[in-house]
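Heads up: take any position in the sequence shown, counting from 1, add 3, and you land on the working numbering.
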Amino acid sequence: MWMEKSIANLGGRTIAMLTTALLIAMVSIIFNDNWVLSIAKQNVVIGKIRSNLITLNILRSSLYAEESAQRGYLLMQRPEYAASYTKSLEQARNSVKVINNLIMETSDAATLQKELVWLAAISASIEAKAAEMKLSLNLAAQGKINIRKQVVNLNQGVLEMNRFMDHIQLLIDKQNENLDDLLKGRKNSLIMARLSLVGCALVLIILVVLVIKQLLSEITVKSELQQLLVKQNDSNEKKLEAQSILLGSLALDYQGDVERERQKLSRELHDELGSILTATKMDIAWVIKKVKDIAPEVVDKLKKTNTYLDQGINFKRQIVEELHPSIITTFGFWPALKQLIDDAAERNQWQVELNLPEQTVVVNEILSLIAYRVVQETLNNANKYAKATKVSINIIADEQHLKIEIEDNGKGFDIEAIHGNTHGLAGMRHRVLAIGGKFDIASELNKGTITRVLIPQKQNLKNT
């Protein structure tokens with residue numbers, strides 16, 4: 004999961020370059036490790052060849068010492084020359100063994116056989132020289148001076164010495180040649196290792212620069228996209244806010260139009276229907292006065308009709324008040340609201356706990372009508388459905404919001420069961436939500452009901 008998110012965040016091109024850089028680094032490590040191992044092996048061989056050259060020089064010095072000891076003994080007949088000769092001879096033989104081992108380890112197949120032949124010739128020269136010395140020493144010990152001089156005068160030792168020196172020089176030259184080849188090879192290996200290291204470093208630097216450039220480019224693009232997205236979001240939020248304000252304004256305008264139509268209808272009902280009903284009642288009273296002596300049964304009937312007219316007038320007055328509570332227009336929102344609550348408490352014999360804000364708080368006319376109807380409908384429900392005996396009403400108002408909370412101790416109801424099925428609740432919810440407010444009801448069976456309403460007061464109205 005994190006790998007996919009990383010690839011998505013970095014981008015395929017950047018991942019490809021990072022992968023290439025990683026592969027180049029791994030290849031560089033492998034190649035440089037091989038070069039280091041090769042140089043280490045070459046150093047070992049170079050060290051052995053140098054040891055071989057040192058041993059060859061020691062061998063040559065040993066043979067010189069052997070020759071000098073031989074001549075010193077033949078001339079002086081002193082035992083220490085014989086001991087020195089024996090020591091030099093033993094050192095020369097040991098050097099031959101060491102050189103043989105080093106040649107076996109350092110020489111290639113093309114020159115190994117030739118170098119072994121030269122070394123064998125050197126060993127033969129040493130042994131021939133040893134045989135000559137032994138013969139000379141024996142003759143000297145037997146007192147055969149003339150024969151000893153004849154052996155020495157044969158110049159066999161000189162010839163062996165010359166052959167020895169020739170073969171020694173051949174071996175030294177060959178070992179120096181091998182050493183030069185190895186030094187050149189090591190130099191080339193060092194150059195290749197450096198070139199490989201520098202080349203890989205340059206390639207990695209280029210790739211890192213490209214990756215950084217790509218990342219900066221992607222960061223720039225993302226930053227530009229984010230800025231564009233922020234601008235678009237700001238623009239959309241402003242448009243949404245403007246649309247919300249417009250919708251709220253339209254909703255309030257609609258509510259205002261509805262209330263004005265209701266007010267117009269209530270006024271017409273009050274004026275026209277009220278006049279008709281009042282005139283009818285007056286005419287019936289006149290008829291009753293005229294016929295009370297001659298037609299008592301008609302009078303009784305007319306009195307019942309008059310009672311019906313009184314009920315009609317009261318019903319008309321109730322309808323007019325429900326269409327548009329004139330008390331709000333006459334006395335203002337807060338006195339009208341308090342009168343509504345007091346009338347409901349007296350009519351239903353409730354125990355009421357009422358908390359109202361200061362009456363100096365001004366509420367928009369349309370919002371006051373909406374709040375009034377919410378309280379009115381809630382109190383009607385508390386009486387009609389909840390059968391409450393106690394009602395608590397708390398209203399808080401400021402310049403921003405009007406908060407209404409009404410709680411009763413009625414029988415409550417299942418909100419899910421009746422949600423959207425009652426016109427009263429639906430009407431209240433619709434009125435409040437249409438102007439950008441909040442409407443919430445909490446209720447449980449036998450635990451009462453709490454109605455909470457939040458109405459925003461800052462609205463743009465065409466007509467208040």
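Don't be surprised by glycine CBs; every beta carbon is placed ideally from N, CA and C.
Nothing here was measured: the structure is a model prediction, and the numbers come from that model.
Bridge partners of Glu-408, per DSSP? Asn-397, Arg-455
What first and last residue would you give for the alpha helix (DSSP H) that runs through Asp-443? Segment 441-446 is the beta strand (DSSP E) holding Asp-443; no alpha helix (DSSP H) there.
Looking at C-alpha atoms only, which residue of Gln-229, Ile-373, Lys-387, Lys-393 is the closest neighbour of Met-456? Note on identity: in this sequence residue 456 is Val, with Met being the wrong assignment. The shortest C-alpha separation from Val-456 is found at Ile-373.
Cα separation between Lys-390 and Thr-381? 12 Å
Given that a residue counts as buried once 16 or more other Cβ atoms are within 10 Å of its Cβ, and exposed if not, what is Gln-178? buried
Does the beta-carbon of Ala-429 have 16 or more other beta-carbons within 10 angstroms, so that it is buried, or is it exposed? exposed
Contacts around Gly-415, its chain only, beta-carbon distance under 8 Å, and the 5 residues preceding and following it disregarded: Ala-389, Ser-446, Glu-447, Leu-448, Asn-449, Lys-450, Gly-451, Thr-452
Rounded to a whole number of angstroms, what is the C-alpha to C-alpha distance between Arg-189 and Ile-175? 20 Å
Which residue or residues does DSSP assign as beta-bridge partners of Glu-361? DSSP lists no partner for Glu-361.
For Ser-238 and Trp-337, what's the separation of their Cα atoms in angstroms? 40 Å
Which first and last residues belong to the alpha helix (DSSP H) in which Thr-392 is found? Unbroken run through Thr-392: none, as it is neither H nor E.
Apart from the five residues on each side of it in sequence, which residues of its chain come closer than 6 Å, Cβ to Cβ, to Phe-34? Ser-199
Give a yes or no on whether the C-beta atoms belonging to Leu-226 and Ser-41 are separated by under 7 Å. The sequence as given places Ser at residue 226; Leu does not occur at that position. No, they are not a contact pair.
Assigned secondary structure, Gln-460 (DSSP; H/G/I helix, E/B strand, else coil): coil
Just the Cα atoms here: how many angstroms apart are Ile-369 and Thr-281? 32 Å
Determine the DSSP secondary structure at Gln-258, reduced to helix, strand or coil. helix
Could you give the DSSP three-state label for Val-355: helix, strand or coil? strand
Ordered list of alpha helix (DSSP H) runs contained in the stretch 260-308, each at least 4 residues: 277-294
Helix, strand or coil, according to DSSP, for Ile-61 in the structure here? helix
Grouping DSSP H, G and I as helix and E and B as strand, with all else coil, what is Asn-491? Since the first and last residues shown for the chain are 4 and 467, residue 491 lies out of range.
Cα-Cα separation between Ala-196 and Leu-185, rounded to whole angstroms: 16 Å
Relative to the C-alpha of Glu-325, which residue among Lys-100, Gln-379, Glu-275 is closest? Gln-379
Residues near Leu-359 in its chain [Cβ-Cβ closer than 6 Å; skip 5 each side]: Ile-398
State the DSSP-derived secondary structure class of Asp-417, mapped to helix, strand or coil. coil
What residue range does the alpha helix (DSSP H) around Ile-331 cover? 329-334
Can you give me the Cβ contacts of Val-301 inside the same chain, cut-off strictly under 6 Å, excluding the 5 residues immediately before and after it? Val-294
Under 7 Å between the Cβ atoms of Asn-384 and Asn-351? no
Reduced DSSP category for Asn-449 - H, G, I as helix; E, B as strand; rest coil: coil
Under 7 Å, do Gly-413 and Gly-251 count as touching if we go by C-beta distance? no
Are there 16 or more other CB atoms within 10 angstroms of the CB of Ser-278, so buried, or fewer, so exposed? exposed
Given a threshold of 16 other Cβ atoms within 10 Å of its Cβ, counted over all protein chains shown, does Trp-289 qualify as buried or as exposed? exposed
Quick one: what does DSSP say Ile-322 is sitting in, helix, strand or coil? helix
Can Ile-396 and Ile-409 be called in contact, C-beta distance under 7 Å? yes
By the three-class DSSP mapping on this structure, what secondary structure does Gln-403 have? coil
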